[in-house]
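Asker: Pasting in a structure now, in structure tokens, and then I'll have a few things to ask.
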Amino acid sequence: MTMANEKKIDCVILGLLSHEELTGYEIKKRMDTTLKYFWSASYGSIYPALSDLVNRGLATKREDKENKRNKLIYTITDGGRNYLKKWLTLPVEKDELRYETLLKLFFGNEQDIEQVLSHIKLFEEKIKKELPYLLGAEKVLKDCLDDDIAHKYYLLTVTFGLKTYRTYLEWCEEAKKFLMENGE
Numbered sequence: 001m002t003m004a005n006e007k008k009i010d011c012v013i014l015g016l017l018s019h020e021e022l023t024g025y026e027i028k029k030r031m032d033t034t035l036k037y038f039w040s041a042s043y044g045s046i047y048p049a050l051s052d053l054v055n056r057g058l059a060t061k062r063e064d065k066e067n068k069r070n071k072l073i074y075t076i077t078d079g080g081r082n083y084l085k086k087w088l089t090l091p092v093e094k095d096e097l098r099y100e101t102l103l104k105l106f107f108g109n110e111q112d113i114e115q116v117l118s119h120i121k122l123f124e125e126k127i128k129k130e131l132p133y134l135l136g137a138e139k140v141l142k143d144c145l146d147d148d149i150a151h152k153y154y155l156l157t158v159t160f161g162l163k164t165y166r167t168y169l170e171w172c173e174e175a176k177k178f179l180m181e182n183g184e
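Reading the sequence shown from the start, the letters are residues 1 to 184 in the numbering used here.
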């Protein structure tokens with residue numbers, strides 16, 4: 001198995017399904033909350049991937065009879081779990097970091113310095129807004145670390161996020177100071 005012919009979205013979905021049965025909507029919600037610091041996907045990629053996973057026998061779907069809205073609930077199969085485990089052993093293909101703030105900063109010579117500072121300040125505000133969520137997640141995970149083996153791995157990703165965000169805030173201060181001292 002090589003990632004050249006694999007879709008990472010499949011593995012993300014299988015990973016989520018390895019924890020619990022989920023609807024497509026719930027998968028999207030998990031991506032928008034739990035995974036948002038390092039992965040994202042649209043409904044437009046989630047639902048086709050779910051259909052493909054079912055067709056390939058890596059997941060099953062069933063209708064929720066207790067719900068009037070005909071929700072489809074997806075479950076990982078043994079084959080899906082094996083597929084996920086195999087993917088987890090492969091080397092990481094490429095870790096990507098993409099920030100529009102940095103892209104705009106790179107072309108800062110084409111902007112007024114106040115606009116550049118504004119981009120940095122907005123980035124800083126965004127990071128400051130996210131920190132309480134990560135700190136809360138860290139506390140919850142530390143309090144229930146022994147409840148589930150998965151919690152230690154969740155905690156590692158939260159710790160990474162906290163260290164990264166704190167470094168971003170340091171950089172924001174340094175960048176603002178640098179621009180103020182070396183402005184045009």
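Here a beta-carbon is modelled for each residue, glycine too, at the ideal position from N, C-alpha and C.
These figures come from a predicted structure and were not determined experimentally.
Strictly by DSSP, which residues pair up with Tyr74?
Answerer: Along the sequence shown, one-based indexing puts residue 74 at 74. In DSSP, Tyr74 forms a bridge with Leu22, Lys61.
Asker: Which of the three DSSP states, helix, strand or coil, is assigned to Thr34?
Answerer: Locating residue 34 in the sequence shown gives position 34, where the first residue counts as 1. Coil.
Asker: Just confirm the distance between the C-beta atoms of Leu14 and Leu72, as a whole number of angstroms; I'd bet it's less than 8 Å.
Answerer: For the purposes of this step, residue 14 is identified with residue 14 of the sequence shown, where counting begins at 1. For the purposes of this step, residue 72 is identified with residue 72 of the sequence shown, where counting begins at 1. That pair is no contact at about 16 Å.
Asker: May I ask which residues mark the beginning and end of the alpha helix (DSSP H) holding Leu50?
Answerer: Walking along the sequence shown from the start, residue 50 turns up at place 50. Its alpha helix (DSSP H) spans residues 43 to 55.
Asker: Of the choices Asn82, Lys86, Phe123, Asp95, whose alpha-carbon is the least far from that of Thr101?
Answerer: The count along the sequence shown starts at 1 and reaches residue 101 at position 101. Checking every option, the nearest Cα to that of Thr101 belongs to Phe123.
Asker: Can you name the start and end residues of the alpha helix (DSSP H) that Ile149 belongs to?
Answerer: Taking the first residue of the sequence shown as position 1, residue 149 is located at position 149. Unbroken run through Ile149: none, as it is neither H nor E.
Asker: How do the segment 49 to 58 and the segment 89 to 101 stand: do at least 3 beta-carbon pairs fall below 8 Å, yes or no?
Answerer: Verdict: no, contact absent.
Asker: What's the C-alpha gap between Ala150 and Leu88?
Answerer: Counting from one through the sequence shown, the residue named residue 150 turns up at place 150. Counting from one through the sequence shown, the residue named residue 88 turns up at place 88. Those two C-alpha atoms are separated by around 15 Å.
Asker: Between the beta-carbon of Leu17 and the beta-carbon of Ile76, is there less than 8 Å?
Answerer: Position 17 of the sequence shown holds residue 17. Position 76 of the sequence shown holds residue 76. Contact flag set, yes.
Asker: Leaving out five residues on either side along the sequence, give the residues of the same chain with a beta carbon under 6 Å from the beta carbon of Glu66.
Answerer: For the purposes of this step, residue 66 is identified with residue 66 of the sequence shown, where counting begins at 1. Cβ within range, chain order: n/a, list empty.
Asker: Taking the alpha helix (DSSP H) that Cys11 falls in, what are its first and last residues?
Answerer: Along the sequence shown, read from residue 1 onward, the residue named residue 11 stands at position 11. Start and end: 8 to 17.
Asker: What are the start and end residues of the alpha helix (DSSP H) that includes Pro132?
Answerer: Here residue 132 refers to the residue found at position 132 of the sequence shown. Taken as a continuous stretch (DSSP letters only), the alpha helix (DSSP H) holding Pro132 covers 113 to 143.
Asker: Would you kindly work out how many angstroms separate the C-alpha atoms of Arg69 and Ser45, rounded to a whole number?
Answerer: Counting from one through the sequence shown, the residue named residue 69 turns up at place 69. Counting from one through the sequence shown, the residue named residue 45 turns up at place 45. Each residue's alpha carbon lies about 22 Å from the other.
Asker: Could you name the residues of the same chain whose beta carbon sits closer than 8 Å to that of Thr23, not counting the 5 residues immediately before and after it, in chain order?
Answerer: Taking the first residue of the sequence shown as 1, we reach residue 23 at position 23. Excluding residues within five positions, the ones whose Cβ falls inside 8 Å are Asp64, Lys71, Leu72, Ile73, Tyr74.
Asker: Which value, in whole angstroms, describes the spacing of the CA atoms of Lys121 and Gly183?
Answerer: The sequence position of residue 121 within the sequence shown is 121, counting from 1. The sequence position of residue 183 within the sequence shown is 183, counting from 1. C-alpha separation (whole angstroms): 16 Å.
Asker: Can you list, in chain order, the residues of its chain whose CB lies under 6 Å from that of Met1, leaving out five sequence neighbours each side?
Answerer: Within the sequence shown, numbered from 1, the residue matching residue 1 stands at position 1. The predicted model places Met1 with a pLDDT of 47, which falls under 50 and marks its position as unreliable; any figure quoted below should be read in that light. Only Lys86 meet the Cβ criterion.
Asker: For Leu156, count neighbouring Cβ atoms within 10 angstroms of its own Cβ and tell me buried if that reaches 16, exposed if not.
Answerer: Sequence index remark: in the sequence shown, residue 156 carries index 156 (1-based). Label assigned to Leu156: exposed.
Asker: What is the DSSP secondary structure of Leu193, reduced to helix, strand or coil?
Answerer: The question about residue 193 has no answer here: the residues shown for the chain are numbered 1 through 184.
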